[in-house]
Amino acid sequence: MSENPTVEAVGDHNYVLHLQAADGDAVEVTIYASPDVIAALTGTIDADEGKVVEATLAYLLARQGVDDLPAFLELDDVAGAYQGYVEDLRGQLGPSSRPGPDR
Numbered sequence: 012m013s014e015n016p017t018v019e020a021v022g023d024h025n026y027v028l029h030l031q032a033a034d035g036d037a038v039e040v041t042i043y044a045s046p047d048v049i050a051a052l053t054g055t056i057d058a059d060e061g062k063v064v065e066a067t068l069a070y071l072l073a074r075q076g077v078d079d080l081p082a083f084l085e086l087d088d089v090a091g092a093y094q095g096y097v098e099d100l101r102g103q104l105g106p107s108s109r110p111g112p113d114r
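Numbering (my numbering), first residue to last: 12 to 114.
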């Protein structure tokens with residue numbers, strides 16, 4: 012697991028995750044934060060994408076090692092690969108991020 016992963020916004024809904032593998036090698040993963048998935052997770056397309064990407068990184072690292080992460084992935088891929096991802100991230104992001112009848 013990475014000691015101090017960092018998330019860098021690079022534009023157009025893309026983020027580069029800078030991680031360190033168990034053997035000390037630097038690992039970079041690019042994530043595309045699909046506006047549709049952001050909206051599904053938070054109830055709005057105006058959410059802080061960086062927070063969603065950071066929560067996604069924590070979610071992934073709890074389930075797999077840094078070396079197992081692909082060089083590029085989309086939030087859609089994570090949602091498709093992990094059945095509970097959307098619900099789990101909604102819980103992590105807090106009640107204000109959940110869609111509801113008055114939002």
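The beta carbon of each residue, even a glycine, is placed where N, CA and C say it ideally should be.
Keep in mind that this is a model prediction, so the values were computed, not measured.
| Status (buried if at least 16 other CB within 10 Å, exposed otherwise) for Ile49 | Residue numbering aside, residue 49 sits at position 38 when the sequence shown is read from its first letter. By the 10 Å Cβ count, Ile49 comes out buried.
| query | How would you call Thr67, buried or exposed, if buried means at least 16 neighbouring beta carbons within 10 angstroms? | reply | For this step, residue 67 is matched to residue 56 along the sequence shown. It counts as buried.
| field | Spatially closest choice to Val64 from Ala37, Gln94 and Glu85, by CA coordinates | value | Counting from one through the sequence shown, the residue named residue 64 turns up at place 53. Closest option to Val64, Cα to Cα, is Glu85.
| said: Quick check on the burial criterion: 16 or more other C-beta atoms within 10 angstroms. Buried or exposed for Thr53? | reply: Position 42 of the sequence shown, counting from 1, holds the residue named residue 53. Label assigned to Thr53: buried.
| said: Quick check on the DSSP output: the beta strand (DSSP E) that includes Thr53 runs from which residue to which? | reply: Stepping through the sequence shown from its first residue, residue 53 is reached at position 42. Premise fails: Thr53 lies in the alpha helix (DSSP H), Pro46 to Thr53, not in any beta strand (DSSP E).
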